[in-house]
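Student: The structure is given below, and queries will be raised subsequently.
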Amino acid sequence: MSDDKDIRQEPNAYTAPAENGGYQFCSRLDRAETVYAAKAEKKSGFVGPLIAALLILAAAGAAFCVLILHISLSVTHDENGFSVELVRRQPSEPLLRLENQTPSFEEVVQDSAGIAGRYEWNGETLPMSAVSRGSAMSYGQIYAACAPAVGILRSADSSGAVRTGAVIVISEDGALIASTHLVSGAESISVEIGGSKYDAYVVGLDYATDLTVLKIDAQGLETATFSSGETAYPGDSVAVVGNPVGGVVNITDGILSAVNPSFHYRGFTLEAFQMGISLGDVASGSALVNGAGQVIGIVNPDMASQLPDAGGIGFAISMHTAKDVIEELLKNGYVAGRPSSGLTVSELPAAYAAYYEYPCCLYISSVRENSPAEEAGLLRGDLILKANGQTVESVSDLYSVINGCAAGDPLTLEVFRDRKTFEVTFTLMEAAKLSD
């Protein structure tokens, strides 16, 4: 390709000879003719290279046209951002391929299979203490009471990328609460509690609430004290214990900004606490604690993404919502009845959609093998325009439609492929069954 230089802006290719520069014996007329001849000769010498340069550019353009027919632009997105590379393309493949390396909410069930294990839960409900209000304890006392039951989670994927967050101990024999997005797709998970390090495995996870239960081989651990938070009110003093910035368990104080009983997250409605504490992703899985040292919520910074203008507000799923999910994970390893399409879907950057004149930005990056979606003929690279008649412009839009259905319900997608639009209908499966 051209280096974008404008030859009209370059210094002149030739200049008139300097005074007395080789023409001192010429008459005025002879000198003028000689200068003209010199210019003509210089021009002639310039035209040749110019033509050669144009031919080279033409050849390069032709080579690029051939290249683009066999090479596609692969845009990979993960938690570190976007990366671009050229890969060999089959004639049937699109020119642009978007790889989403951040596991979607639906694929995490099978992605955990390599590190999943069974936990012999005793069947008891998660112990919940009587609710308490006020600031009965100082923040120092809250930290002393809660920190021993909070650990640091580190997970690594196949590329070696490490994600960090917090875990909360729920049983003396090492059952822990964590955030799903920190462990989904992980090849290894480790937990540090009280200075001791343990390997951890997944007992069960739930993409809808972003809650996961892990297990480590330990005995005699201090457990957190939980409360449903039913009497929590805006203005109450609260603290976040966990947030392992710098590799240590931290405590951060603030107030409860609001209790939101119908927070819309990943297509589901759940009870959320909004707090006057700004937190990064490393705080995922930390304990939201009231003034009595009771854990009333599980911190989830990702919930702030649902409200772009939230500012310095932090979010946590209330234990009132989390309790039933955690018990389902302890009992079954999954939450029964969660519908799944078997698709991994990501959002194509608007600039790429505009460049390739795609009608939308919702892109299927993989189709679960042997799923109804695969049997219906959906392919990697298809674009989704509508779901059950509703226009979907984001992953959240699609999951809102899917999660409004039940396993066994039909899902009709309007799909764009090869510049044509068509509909595909298939049956939603229970997410857990896709991992069988």
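Each residue of the sequence shown is one higher than the last, beginning at 1189 in this note's numbering. In this text, a Cβ means the ideal position worked out from N, Cα and C, and glycines have one as well.
1) Is it right to say Ser-1462 is buried, meaning 16 or more other beta carbons lie within 10 angstroms of its own, or is it exposed?
2) Look up Gln-1578 in the DSSP assignment and say whether it is helix, strand or coil.
3) Determine the direct distance from the alpha carbon of Ala-1524 to that of Ile-1443, and round the result to whole angstroms.
4) Span of the beta strand (DSSP E) holding Ala-1541?
5) Verify whether the separation of the beta carbon atoms of Leu-1314 and Ile-1486 is less than 8 Å.
6) Using the rule of at least 16 other Cβ atoms within 10 Å of the residue's Cβ for burial, across every protein chain shown, is Lys-1385 buried or exposed?
7) Touching or not, the region 1403 to 1411 and the region 1333 to 1340, by the rule of three or more beta carbon pairs under 8 Å?
8) Compute the Euclidean distance between the alpha carbons of Arg-1607 and Asn-1431, then round it to the nearest angstrom.
9) Unbroken beta strand (DSSP E) runs of length 3 or more, entirely within the region 1384 to 1412: which are they?
10) How many Å lie between Ile-1501 and Ala-1538 at the Cα?
11) Look at the Cβ atom of Gly-1479, then the Cβ atom of Met-1325, and state whether they are nearer than 8 Å.
12) Determine whether the beta carbon atoms of Leu-1566 and Leu-1531 lie at a separation below 8 Å.
13) Whole angstroms are fine: how far does the CA of Leu-1495 sit from the CA of Thr-1440?
14) Report the option in Lys-1519, Glu-1410, Gly-1328 whose CA atom is closest to the CA atom of Asn-1310.
15) Between the alpha carbons of Ile-1552 and Leu-1571, how many angstroms are there, rounded?
16) Would you check if the distance between the CB atom of Ile-1140 and the CB atom of Leu-1364 is smaller than 8 Å?
17) Taking the alpha helix (DSSP H) that Gln-1329 falls in, what are its first and last residues?
18) Pick helix, strand or coil for Tyr-1421, following the three-state DSSP scheme.
19) Looking at the secondary structure, which residues open and close the beta strand (DSSP E) in which Asp-1441 lies?
20) In angstroms with no decimal places, state the Cα-to-Cα distance between Leu-1245 and Val-1603.
21) Thinking just about the alpha-carbon of each residue, which of Gly-1455, Val-1477, Ser-1493 is nearest to the one in Ala-1396?
22) Mapping DSSP to helix, strand and coil, what is Leu-1616?
23) Looking only at its chain, what residues have a beta carbon closer than 6 Å to the beta carbon of Gly-1464, apart from the 5 residues adjacent to it on each side?
24) Count the other CB atoms, across all protein chains shown, that sit within 10 Å of the CB of Thr-1613; report buried if there are 16 or more and exposed otherwise.
25) With which residues is Ser-1343 paired in a DSSP beta bridge?
26) What does the Cβ neighbour count give for Val-1580, buried or exposed, with the cut at 16 atoms within 10 Å?
27) Just to confirm my understanding: we take Pro-1547, look at its own chain, exclude 5 residues before and 5 after, and list those with CB closer than 6 Å. What are they?
28) Roughly how many whole angstroms lie between the Cα atoms of Ala-1228 and Leu-1243?
29) What are the boundary residues of the beta strand (DSSP E) that Val-1477 is part of?
30) I need the straight-line Cα distance from Tyr-1421 to Tyr-1453, nearest angstrom please.
31) Tell me, please, which residues DSSP counts as bridged to Thr-1532.
32) Identify whether Gln-1494 lies in helix, strand or coil by the three-state DSSP scheme.
33) Would you report the Cα separation of Ser-1450 and Ala-1366, rounded to the nearest angstrom?
34) Is DSSP giving Val-1338 helix, strand or coil here?
Tutor: The structure says:
1) For the purposes of this step, residue 1462 is taken as the residue at position 274 of the sequence shown. The displayed chain sequence assigns Gln, not Ser, to residue 1462. Burial call: buried.
2) Taking the first residue of the sequence shown as position 1, residue 1578 is located at position 390. If DSSP states are grouped into helix, strand and coil, Gln-1578 belongs with the strands.
3) On the sequence shown, position 255 is the one that residue 1443 refers to. On the sequence shown, position 336 is the one that residue 1524 refers to. Counting only the Cα atoms, Ala-1524 lies some 35 Å from Ile-1443.
4) The residue you call residue 1541 lines up with position 353 of the sequence shown. Segment 1538 to 1543 is the alpha helix (DSSP H) holding Ala-1541; no beta strand (DSSP E) there.
5) Taking the sequence shown and counting its residues from 1, one reaches residue 1314 at position 126. Taking the sequence shown and counting its residues from 1, one reaches residue 1486 at position 298. No; because the gap between Cβ atoms is not below 8 Å, this pair is not in contact.
6) Looking up residue 1385 in the sequence shown gives position 197. By the 10 Å Cβ count, Lys-1385 comes out exposed.
7) As far as the Cβ criterion goes, the region 1403 to 1411 touches the region 1333 to 1340, which means the pair count is three or higher.
8) To locate residue 1607, count along the sequence shown from 1; it is residue 419. To locate residue 1431, count along the sequence shown from 1; it is residue 243. Those two C-alpha atoms are separated by around 47 Å.
9) 1384 to 1394, 1399 to 1404
10) Along the sequence shown, one-based indexing puts residue 1501 at 313. Along the sequence shown, one-based indexing puts residue 1538 at 350. The alpha-carbon atoms of Ile-1501 and Ala-1538 are separated by roughly 28 Å.
11) Start at 1 with the first residue of the sequence shown, and residue 1479 comes out as number 291. Start at 1 with the first residue of the sequence shown, and residue 1325 comes out as number 137. Yes, Cβ-Cβ distance for Gly-1479 and Met-1325 is below 8 Å.
12) Indexing the sequence shown from 1 puts residue 1566 at position 378. Indexing the sequence shown from 1 puts residue 1531 at position 343. Cβ atoms of Leu-1566 and Leu-1531: closer than 8 Å.
13) Within the sequence shown, residue 1440 is the residue found at index 252, counting from 1. Within the sequence shown, residue 1495 is the residue found at index 307, counting from 1. Each residue's Cα considered, the two are about 22 Å apart.
14) Within the sequence shown, residue 1310 is the residue found at index 122, counting from 1. Out of Lys-1519, Glu-1410, Gly-1328, Lys-1519 has the C-alpha closest to the C-alpha of Asn-1310.
15) Numbered from its first residue, the sequence shown carries residue 1552 at position 364. Numbered from its first residue, the sequence shown carries residue 1571 at position 383. Spanning the two alpha carbons is a distance of roughly 6 Å.
16) Any question about residue 1140 goes unanswered here, given that the chain covers just 1189 to 1624.
17) For the purposes of this step, residue 1329 is taken as residue 141 along the sequence shown, with counting starting at 1. Element bounds for Gln-1329: 1327 to 1334.
18) Numbered from its first residue, the sequence shown carries residue 1421 at position 233. Coil at Tyr-1421, not helix or strand.
19) Counting from one through the sequence shown, the residue named residue 1441 turns up at place 253. Per DSSP, Asp-1441 belongs to the beta strand (DSSP E) from 1438 to 1453.
20) On the sequence shown, residue 1245 is found 57 positions in, with the first residue counted as 1. On the sequence shown, residue 1603 is found 415 positions in, with the first residue counted as 1. If I take the Cα positions, the gap works out to 40 Å.
21) Reading the sequence shown from its first residue, position 208 is the one you call residue 1396. Cα-wise, what sits closest to Ala-1396 is Gly-1455.
22) Taking the first residue of the sequence shown as 1, we reach residue 1616 at position 428. The answer is coil: DSSP assigns Leu-1616 none of H, G, I, E or B.
23) The sequence position of residue 1464 within the sequence shown is 276, counting from 1. The answer, listed in chain order, is Gly-1442, Ile-1443, Ser-1445.
24) As a working mapping, residue 1613 is identified with position 425 in the sequence shown. Classification for Thr-1613: exposed.
25) By 1-based counting over the sequence shown, the position of residue 1343 is 155. Note: Ser-1343 sits in a beta bridge opposite Arg-1351, Ile-1377.
26) As a working note, residue 1580 is residue 392 in the sequence shown. Per the 10 Å Cβ criterion, buried.
27) As a position in the sequence shown, residue 1547 is number 359, starting the count at 1. Taking Pro-1547 as the centre and dropping the five residues before and after it, the same chain places the C-beta of Phe-1604 closer than 6 Å to its C-beta, in chain order.
28) The residue labelled residue 1228 in the question sits at position 40 within the sequence shown. The residue labelled residue 1243 in the question sits at position 55 within the sequence shown. Residue placement at Ala-1228 is poorly supported in this model, since its pLDDT is 46, which falls under 50; the coordinates still yield a value, given next. Their Cα atoms are separated by approximately 23 Å.
29) The residue given as residue 1477 occupies position 289 in the sequence shown. It spans 1475 to 1477 - the beta strand (DSSP E) in which Val-1477 sits, taken as one unbroken run.
30) Within the sequence shown, residue 1421 is the residue found at index 233, counting from 1. Within the sequence shown, residue 1453 is the residue found at index 265, counting from 1. Their Cα atoms are separated by approximately 22 Å.
31) Residue mapping note: residue 1532 aligns to position 344 of the sequence shown, counting from 1. Answer is Ser-1554.
32) Counted from its first residue, the sequence shown places residue 1494 at position 306. DSSP places Gln-1494 in helix when its eight states are reduced to three.
33) Residue mapping note: residue 1450 aligns to position 262 of the sequence shown, counting from 1. Residue mapping note: residue 1366 aligns to position 178 of the sequence shown, counting from 1. So the two alpha carbons sit approximately 22 Å from each other.
34) Locating residue 1338 in the sequence shown gives position 150, counting from the first residue. Three-state DSSP puts Val-1338 in a strand.
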